[in-house]
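This report concerns only the one structure given below.
Number of protein chains: 2
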Amino acid sequence: MGVEAMPRLPGRRPTMREVAAVAGVSLSTVSRVVNGGEGVRGDLAERVRDAVELLGYRHNLTASTLRRADRQSASIGLIFEDVSNPFFGAVHRGVEDAARERGMLTLVGSSDEQPDRERELAEAFSSRGVDGLIVASAVADSSYLQRERAAGVALAFVDRPPTFLDADAVVSDHAGGARTAVAHLIAAGHRRIGFLGDRPEVFTAAERLRGYRESLAQHGLAEDLDLVRHPRFRGVDAYETTCELLSGSNPPTALFAGQNLISAGAVRAVHALGLQHELAMVSFDDILLADALDPGLTVVAQDPLTLGRTAAELVFSRLDGYDGPTRHVVVPTQLIERGSGELPPRGGG
Amino acid sequence: MGVEAMPRLPGRRPTMREVAAVAGVSLSTVSRVVNGGEGVRGDLAERVRDAVELLGYRHNLTASTLRRADRQSASIGLIFEDVSNPFFGAVHRGVEDAARERGMLTLVGSSDEQPDRERELAEAFSSRGVDGLIVASAVADSSYLQRERAAGVALAFVDRPPTFLDADAVVSDHAGGARTAVAHLIAAGHRRIGFLGDRPEVFTAAERLRGYRESLAQHGLAEDLDLVRHPRFRGVDAYETTCELLSGSNPPTALFAGQNLISAGAVRAVHALGLQHELAMVSFDDILLADALDPGLTVVAQDPLTLGRTAAELVFSRLDGYDGPTRHVVVPTQLIERGSGELPPRGGG
DNA sequence: CACCCGCCAGACAACGTTTTCAACTGCCGG
DNA sequence: CCGGCAGTTGAAAACGTTGTCTGGCGGGTG
Numbered sequence: 007m008g009v010e011a012m013p014r015l016p017g018r019r020p021t022m023r024e025v026a027a028v029a030g031v032s033l034s035t036v037s038r039v040v041n042g043g044e045g046v047r048g049d050l051a052e053r054v055r056d057a058v059e060l061l062g063y064r065h066n067l068t069a070s071t072l073r074r075a076d077r078q079s080a081s082i083g084l085i086f087e088d089v090s091n092p093f094f095g096a097v098h099r100g101v102e103d104a105a106r107e108r109g110m111l112t113l114v115g116s117s118d119e120q121p122d123r124e125r126e127l128a129e130a131f132s133s134r135g136v137d138g139l140i141v142a143s144a145v146a147d148s149s150y151l152q153r154e155r156a157a158g159v160a161l162a163f164v165d166r167p168p169t170f171l172d173a174d175a176v177v178s179d180h181a182g183g184a185r186t187a188v189a190h191l192i193a194a195g196h197r198r199i200g201f202l203g204d205r206p207e208v209f210t211a212a213e214r215l216r217g218y219r220e221s222l223a224q225h226g227l228a229e230d231l232d233l234v235r236h237p238r239f240r241g242v243d244a245y246e247t248t249c250e251l252l253s254g255s256n257p258p259t260a261l262f263a264g265q266n267l268i269s270a271g272a273v274r275a276v277h278a279l280g281l282q283h284e285l286a287m288v289s290f291d292d293i294l295l296a297d298a299l300d301p302g303l304t305v306v307a308q309d310p311l312t313l314g315r316t317a318a319e320l321v322f323s324r325l326d327g328y329d330g331p332t333r334h335v336v337v338p339t340q341l342i343e344r345g346s347g348e349l350p351p352r353g354g355g
Numbered sequence: 007m008g009v010e011a012m013p014r015l016p017g018r019r020p021t022m023r024e025v026a027a028v029a030g031v032s033l034s035t036v037s038r039v040v041n042g043g044e045g046v047r048g049d050l051a052e053r054v055r056d057a058v059e060l061l062g063y064r065h066n067l068t069a070s071t072l073r074r075a076d077r078q079s080a081s082i083g084l085i086f087e088d089v090s091n092p093f094f095g096a097v098h099r100g101v102e103d104a105a106r107e108r109g110m111l112t113l114v115g116s117s118d119e120q121p122d123r124e125r126e127l128a129e130a131f132s133s134r135g136v137d138g139l140i141v142a143s144a145v146a147d148s149s150y151l152q153r154e155r156a157a158g159v160a161l162a163f164v165d166r167p168p169t170f171l172d173a174d175a176v177v178s179d180h181a182g183g184a185r186t187a188v189a190h191l192i193a194a195g196h197r198r199i200g201f202l203g204d205r206p207e208v209f210t211a212a213e214r215l216r217g218y219r220e221s222l223a224q225h226g227l228a229e230d231l232d233l234v235r236h237p238r239f240r241g242v243d244a245y246e247t248t249c250e251l252l253s254g255s256n257p258p259t260a261l262f263a264g265q266n267l268i269s270a271g272a273v274r275a276v277h278a279l280g281l282q283h284e285l286a287m288v289s290f291d292d293i294l295l296a297d298a299l300d301p302g303l304t305v306v307a308q309d310p311l312t313l314g315r316t317a318a319e320l321v322f323s324r325l326d327g328y329d330g331p332t333r334h335v336v337v338p339t340q341l342i343e344r345g346s347g348e349l350p351p352r353g354g355g
């Protein structure tokens with residue numbers, strides 16, 4: 007059963023030249039047919055198509071890209087923090103959907119927030135001639151991408167804006183979402199609200215922290231620095247950090263968790279401590295199963311598909327010749343009430 | 007602030023020829039330096055490197071691939087069902103980690119289980135000269151990939167084996183995992199165990215269903231066809247299907263959910279019906295937050311990172327010349343007890 | 001001092017394609 | 001009947017790189 011395993015060694019594809027020989031026409035004619043067949047007599051075109059079929063010819067986009075005037079490779083590079091984070095998976099899908107409509111493919115890599123790795127990826131993509139680059143940048147200075155842009159690569163930033171570089175970007179309303187979340191908790195009566203988030207060197211974390219602070223200030227609440235925590239390694243440390251925070255002398259009555267993996271850790275901790283019905287909680291970014299928890303997890307949901315699609319469209323418009331000022335798109339977040347964020351304060355505060 | 011937005015129009019990169027001119031050497035010398043600098047006098051190499059730096063020269067891998075003898079593009083294509091499914095996100099990451107060690111990049115696309123789309127992707131990747139292809143195939147006949155392999159593309163299947171084609175593959179122990187899950191429920195005393203899974207045309211679903219049946223048979227239990235359900239559109243329909251199943255006249259006392267998104271829907275349903283402490287449940291594939299549920303969700307966990315890494319290694323070994331028989335790697339699953347799978351039967355049979 | 005050999009630099013031909021340009025065909029109008 | 005024109009075709013020159021081959025140079029040896 008099945009086709010025999012064939013040694014890879016031959017590893018040659020038929021070329022246009024061979025197709026031409028079989029069809030009894032010139033190389034140029036084959037090229038014309040393959041590229042749409044304008045200005046080729048019907049019968050000849052037919053002969054060429056037959057030869058293509060017969061030989062199993064496959065257009066070589068590498069050679070084509072090299073020679074063509076526009077130099078387009080019909081591919082865009084994506085640099086994420088981690089492709090296995092469901093948030094970026096969804097952003098990726100948004101990009102892919104838009105790209106597919108244009109017949110473009112995506113090259114994807116994870117930077118793990120390491121500047122060196124991010125630069126390596128950008129270089130590797132650019133070396134392969136991507137037409138566009140969509141970056142969730144983790145470096146303090148993104149101006150190194152200026153060189154790629156000067157070389158003709160269309161650039162768009164997603165999730166985080168560029169620094170020291172004026173380029174198109176699409177981000178969630180991090181600060182606004184955080185304000186909404188915290189205001190929601192305050193409205194439920196909370197006065198002591200804990201913050202769990204990434205180190206503030208990360209743009210998104212800084213913005214969410216800013217939103218948290220602004221909301222406290224707006225409502226006349228003083229910030230207690232002891233309530234703000236940054237677990238070192240998210241998934242791993244969020245659990246412990248949360249336990250620590252909650253077992254302090256004057257613990258918060260509500261929690262705002264500012265990142266999906268951190269939220270997951272915090273939720274685990276709260277449930278492990280049996281506090282899920284006493285401690286209010288709102289998470290930034292929606293997670294699978296959030297609505298199956300007891301109580302359901304109230305979240306400020308981002309729209310990663312839209313983030314991705316929009317980033318792709320920004321890139322495409324540049325490829326199509328748009329040459330105006332850079333655009334900064336902000337995608338709104340949405341508060342989804344599921345129970346955990348509506349719990350009234352109990353005990354402390 | 008920041009660098010001025012520069013029109014993309016010029017869009018030209020310096021070439022080796024220009025570097026050669028600046029360095030005052032020949033094109034060949036530049037090529038030698040760029041490719042490691044063997045057999046070039048130190049001072050000349052230095053001059054070349056300076057010129058590279060000065061001009062901001064970036065190696066053009068497109069041209070290089072075209073000309074080089076080995077024809078390697080240092081990239082591999084990944085075809086998944088959906089990149090936004092966290093399972094595939096993790097597989098992707100496994101592949102990427104292995105690829106990075108080799109300086110290779112990943113091209114990724116989602117087939118949405120549509121055979122046409124899968125073929126399109128394979129063709130597009132192959133047209134771009136990927137060295138390898140890792141496919142989670144959804145088509146009934148994967149022999150169409152034979153042509154790519156004959157052209158020298160190294161092939162590996164992941165998550166699902168190839169059909170009508172003898173090629174390397176790495177899959178989870180779907181049937182074994184399912185048997186374990188069901189045996190676990192039976193050991194807890196259950197006799198009526200519901201099955202929720204994808205349509206059995208999908209290999210993984212068929213295997214998990216097979217495991218379910220085998221386990222029932224092994225324990226002398228008859229299969230009740232009414233307990234086996236296939237929600238049409240997973241995430242969306244799993245909720246309703248579960249409600250239906252549980253509100254039937256003779257409902258099951260335990261549930262085995264055979265796919266991550268279906269599990270999520272089923273969990274939601276069970277919790278919505280308030281049955282989470284009465285109905286036992288085991289899910290195939292681990293999900294974020296599964297341990298924060300009440301009770302925690304017992305799962306048969308796959309190891310997607312290992313699946314991805316192994317698939318990549320299978321591809322690499324072919325690229326390195328391995329030409330032996332095809333290899334079929336099975337990655338074991340692991341039962342993780344968290345509470346939901348250990349509930350004793352209550353109420354019904 | 002002649003010769004040979006090793007080392008290294010440069011010229012040049014590929015790689016598979018697109019694009020330009022010249023050449024050929026048949027047809028029409030003058 | 002000839003010139004020109006539209007419609008097609010083919011030859012050949014790119015694209016940016018690598019690999020092969022030739023040649024020059026210097027040093028060691030007979």
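Residue numbers (my numbering), protein chains in the order written: chain P, 7 to 355; chain Y, 7 to 355.
Backbone N, C-alpha and C define an ideal beta-carbon position, used for all residues, glycine too.
Three-state secondary structure assigned by DSSP to Ile293 of chain P: Coil at Ile293 of chain P, not helix or strand.
Please state the DSSP three-state secondary structure of Leu139 of chain Y. Collapsing the DSSP output to three states places Leu139 of chain Y in a strand.
Under 8 Å between C-beta atoms, does Ile293 of chain Y make it to chain P? Yes, its Cβ sits closer than 8 Å to a Cβ of chain P.
Is the distance from the Cβ of Gly195 of chain Y to the Cβ of Pro301 of chain Y below 8 Å? It is not a contact, given that the beta carbons lie outside the stated cut-off.
Taking a Cβ distance cut-off of 7 Å, strictly less, list which residues of the segment 154-168 of chain Y are near chain P, in chain order. Cβ contacts with chain P: Arg155, Ala156, Ala157, Gly158 and Ala160.
Thr247 of chain Y and Val276 of chain Y - do their beta-carbons sit closer together than 8 Å? Annotated as distal: Val276 of chain Y and Thr247 of chain Y, with beta-carbon spacing of 8 Å or more.
Taking the C-alpha atoms as reference points, what is the distance between Arg38 of chain Y and Gly45 of chain Y? Approximately 8 Å, taken between the alpha carbons.
With a threshold of 8 Å between beta-carbons, can Ala96 of chain P be considered close to chain Y, or not? At a cut-off of 8 Å between C-beta atoms, Ala96 of chain P counts as an interface residue with respect to chain Y.
Cβ-based burial, Gly30 of chain P [other Cβ within 10 Å; buried from 16]: Classification for Gly30 of chain P: exposed.
Rounded C-alpha distance that separates Gly138 of chain Y from Phe170 of chain Y: Spanning the two alpha carbons is a distance of roughly 19 Å.
Can you list, in chain order, the residues of its chain with a C-beta nearer than 8 Å to that of Arg219 of chain Y? Leave out the 5 residues immediately preceding and following it. Shown here for Arg219 of chain Y: same chain residues with a beta carbon closer than 8 Å to its own, the five before and five after excluded, namely Glu229 in chain order.
The segment 257-264 of chain P touching the segment 152-172 of chain P, judged by at least three CB pairs closer than 8 Å: Flag = no, the segment 257-264 of chain P and the segment 152-172 of chain P do not touch.
Output the residue ranges of the beta strand (DSSP E) runs that lie fully inside the segment 76-118 of chain Y and measure 3 residues or longer, sorted by chain position. If we require 3 residues or more, the beta strand (DSSP E) runs fully inside the segment 76-118 of chain Y come out as 81-86 and 111-116.
Starting from Ala69 of chain Y, find everything on chain P with Cβ-Cβ shorter than 8 Å and list it in chain order. The CB of Ala69 of chain Y comes closer than 8 Å to the CB of Leu72 in chain P, given here in chain order.
Grab me the residues of Leu33 of chain P's own chain with a C-beta within less than 8 Å of its C-beta, minus the 5 sequence neighbours each way, in chain order. Hits under 8 Å: Met22, Arg23 and Ala26.
Opposite Ser178 of chain P in the DSSP bridges: which residues? Answer by DSSP bridge pairing, in chain order: P:Val337.
Residues near Val335 of chain Y by beta carbon distance below 6 Å, same chain, minus five either side: Taken in chain order, the residues that qualify are Val176 and Thr316.
Closer than 8 Å to chain Y by CB, Arg99 of chain P: With 8 Å as the cut-off, Arg99 of chain P counts as an interface residue toward chain Y.
Would DSSP call Ala194 of chain P helix, strand or coil? Here Ala194 of chain P sits in coil by DSSP.
For Met22 of chain Y, which residues does DSSP report across the bridge? In the DSSP secondary-structure assignment, Met22 of chain Y is not bridged to any residue.
Could you tell me whether the segment 327-341 of chain P touches the segment 108-121 of chain P, using the rule of 3 or more Cβ pairs below 8 Å? The way I'd put it, the segment 327-341 of chain P doesn't touch the segment 108-121 of chain P; fewer than three beta-carbon pairs between them come closer than 8 Å.
Is Arg23 of chain Y close to chain P, meaning its C-beta is less than 8 Å from at least one C-beta of that chain? No - not a single Cβ of chain P is within 8 Å of the one on Arg23 of chain Y.
Could you give the distance in angstroms between the alpha-carbon of Pro13 of chain Y and the alpha-carbon of Glu319 of chain P? Legend: pLDDT at Pro13 of chain Y = 34, less than 50; position of this residue unreliable, value from coordinates given subsequently. Each residue's Cα considered, the two are about 18 Å apart.
Let me check understanding here. Comparing Cα to Cα, which of P:Gly280, P:Asp243 and P:Ser253 lies closest to Val268 of chain P? A quick correction: the sequence has Ile, not Val, at residue 268 of chain P. Minimum Cα distance to Ile268 of chain P is reached at P:Asp243.
Close Cβ partners of Ala69 of chain P (< 7 Å) along its chain, the five nearest in sequence each way excluded: Cβ neighbours of Ala69 of chain P beyond the five flanking positions: none.
Could you tell me the boundaries of the beta strand (DSSP E) in which Ala307 of chain Y lies? Boundaries of the beta strand (DSSP E) around Ala307 of chain Y: Thr304 to Ala307.
Quick check: what's the CA-CA separation for Glu250 of chain Y versus Ala156 of chain P? Going by the C-alpha atoms only, they are around 59 Å apart.
Enumerate, from N- to C-terminal direction, the unbroken beta strand (DSSP E) stretches of 3 or more residues contained entirely within the segment 190-274 of chain Y. With a minimum length of 3 residues, the continuous beta strand (DSSP E) runs that stay inside the segment 190-274 of chain Y are 199-202 and 260-263.
Can you tell me whether Gln152 of chain Y is buried or exposed? The criterion is at least 16 other CB atoms within 10 Å of its CB, across all chains shown. So Gln152 of chain Y ends up on the buried side.
Of all Cβ atoms in chain Y, is any one closer than 8 Å to the Cβ of Pro298 of chain P? Checking the sequence, you will find Ala at residue 298 of chain P rather than Pro. So, interface residue.
In chain P, which residues lie less than 7 Å from His65 of chain Y when you measure between Cβ atoms? For His65 of chain Y, the C-beta contacts it makes with chain P under 7 Å involve Ser133, in order along the chain.
Hey, how far is the Cα of Leu325 of chain P from the Cα of Asn91 of chain P? Roughly 29 Å between the two C-alpha positions.
How would you call Ala57 of chain P, buried or exposed, if buried means at least 16 neighbouring beta carbons within 10 angstroms? So Ala57 of chain P counts as buried.
Note down, in chain order, each residue of its chain lying with its Cβ closer than 6 Å to the Cβ of Asp309 of chain P, except the 5 sequence neighbours on either side. Contacts found: Val337.
Chain-ordered neighbours of Pro301 of chain P on chain Y, where CB pairs are closer than 8 Å: Those within 8 Å of Pro301 of chain P in chain Y number zero; the least Cβ separation is about 10 Å.
Compute the distance between the beta-carbons of Ala96 of chain Y and Ile82 of chain Y, then report whether it is under 8 Å. Contact flag unset, no.
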